[in-house]
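Q: One structure follows; several queries about it will come next.
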Amino acid sequence: MTTIYIMDISKLNQDEVFERYFARVSLWRRQKIERAKFRMDKNRSLGAAILLAHGLLPYGISERDALICRGEYGKPYISAVLKDGREEEVRGIHFNLSHSGTYVAAAFGDVRVGIDIEHIRENWKKIAEHFFSEEEVRNIMARQSEAERRDLFLRYWTIKESAMKVSGAGMRIPLRDIFLKENGKVLLKTGNHFSEYFLKEFEIVSENDIIADGIKSDRGEGGYRISVCAETDAFAQEMIWVE
């Protein structure tokens with residue numbers, strides 16, 4: 083099962099709240115937060131640690147004891163946990179993190195996962211023309227309103243980003259080589275090899291209006307899209323909001 087967590091990090095602007103959670107996270111995370119220059123970057127890093135802690139709870143692992151490494155292309159993974167001063171290898175726990183604006187999101191599962199959350203950006207037309215396929219650009223520009231065109235761009239963008247992240251290859255894969263298929267799956271091309279992933283999408287369209295697979299629920303500030311790619315179609319139906 084792939085589980086999705088999300089957190090509004092705006093409350094971390096309160097120094098008392100920030101310091102309370104800062105004291106609870108691992109040493110390497112505190113050092114990373116301290117290296118960040120801007121408060122928003124510190125908040126995002128701390129928010130990521132909080133979501134990591136929540137996501138590891140079902141596995142009986144503390145964020146403070148998890149040893150995080152990075153793959154060849156930078157994707158983080160848990161290599162081991164500390165128990166009684168010794169490192170114990172960990173297998174079968176996959177996670178991915180993303181942030182945008184005032185939100186941090188995370189996906190956890192027993193198969194490889196990738197997640198991306200994005201808020202609309204002003205230069206979306208230039209990005210689409212530069213990175214997307216001609217067909218995708220035509221699909222975007224064929225939408226009747228500017229809002230619909232922006233939304234389809236954002237949908238394509240988060241899907242492609244989440245697919246790159248689940249593959250572990252990151253930006254070495256051109257965005258044009260990632261396709262949304264008619265069956266709702268995502269196809270990723272690397273050379274002559276094709277990989278197929280399952281997709282789960284969420285859309286935060288207004289302050290109290292979230293859409294997941296066409297079903298509305300209440301929470302959040304609008305204008306965000308979230309895409310999650312995984313190797314199986316076992317997705318939790320709703321995101322877990324972390325306070």
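For our numbering, count along the sequence shown from 1 and bump the result up by 82.
Note that CB positions come from ideal geometry on N, CA and C, so glycine has one too.
Because the structure is a prediction, the values reported are computed rather than measured.
Considering only their Cβ atoms, is the gap separating Thr184 from Ser92 smaller than 8 angstroms?
A: Yes, they are a contact pair.
Q: Anyone know if the C-beta pair for Ala131 and Glu145 falls short of 8 angstroms?
A: Yes; because the gap between Cβ atoms is below 8 angstroms, this pair is in contact.
Q: If we ignore side chains and look at the alpha-carbon of each, how far apart do Ile88 and Leu133 end up?
A: Each residue's Cα considered, the two are about 7 angstroms apart.
Q: Can you check the segment 108 to 132 for any alpha helix (DSSP H) of at least 4 residues that lies completely inside it and give the ranges in chain order?
A: Within the segment 108 to 132, the complete alpha helix (DSSP H) runs of at least 4 residues are 109 to 117.
Q: If you measure between the beta carbons of Ser161 and Thr240, is that distance less than 8 angstroms?
A: Against a cut-off of 8 angstroms, the Cβ pair of Thr240 and Ser161 comes out as no contact.
Q: Classify Ser161 as helix, strand or coil using the three-state DSSP reduction.
A: If DSSP states are grouped into helix, strand and coil, Ser161 belongs with the strands.
Q: CB-CB under 6 angstroms to His181, same chain, minus the five flanking residues each way: which ones, in chain order?
A: Only Arg126 meet the Cβ criterion.
Q: In whole angstroms, what separates the C-alpha of Lys263 from that of Tyr141?
A: Computed Cα separation, rounded: 33 angstroms.
Q: How is Gly191 classed by DSSP in three states: helix, strand or coil?
A: Strand at Gly191.
Q: Gly196 and Thr85: beta carbons closer than 8 angstroms?
A: Their beta carbons are not under 8 angstroms apart, which means Gly196 does not touch Thr85 by this criterion.
Q: Quick check: the Cα distance between Glu313 and Ser244, rounded to an integer number of angstroms?
A: Computed Cα separation, rounded: 12 angstroms.
Q: I'd like the ranges of any beta strand (DSSP E) spanning at least 3 consecutive residues and lying wholly in the segment 217 to 283.
A: Complete beta strand (DSSP E) runs here, min 3: 260 to 262, 268 to 272.
Q: Expressed to the nearest angstrom, what Euclidean distance is found between the alpha-carbon atoms of His201 and Arg232?
A: Taking the straight line from one Cα to the other gives about 10 angstroms.
Q: Going by DSSP in three states, Val310 sits in which element: helix, strand or coil?
A: Val310: strand per DSSP, three-state reduction.
Q: By DSSP's criteria, Gly167 is part of a beta bridge. Which residues make up the other side?
A: According to DSSP, which records beta bridges pairwise, Gly167 is partnered with nothing at all.
Q: Taking all protein chains shown into account, decide if Ile307 is buried (16 or more other Cβ within 10 angstroms of its Cβ) or exposed.
A: The residue you asked about is not Ile; residue 307 is Arg in the sequence shown. With 16 or more other Cβ atoms within 10 Å, it is buried.
Q: Rounded to the nearest angstrom, what separates Glu320 and Glu285 at their Cα positions?
A: C-alpha separation (whole angstroms): 12 angstroms.
Q: Do Glu278 and Lys267 count as a contact pair if the criterion is CB distance below 8 angstroms?
A: Yes, the pair counts as a contact, with Cβ atoms nearer than the cut-off.
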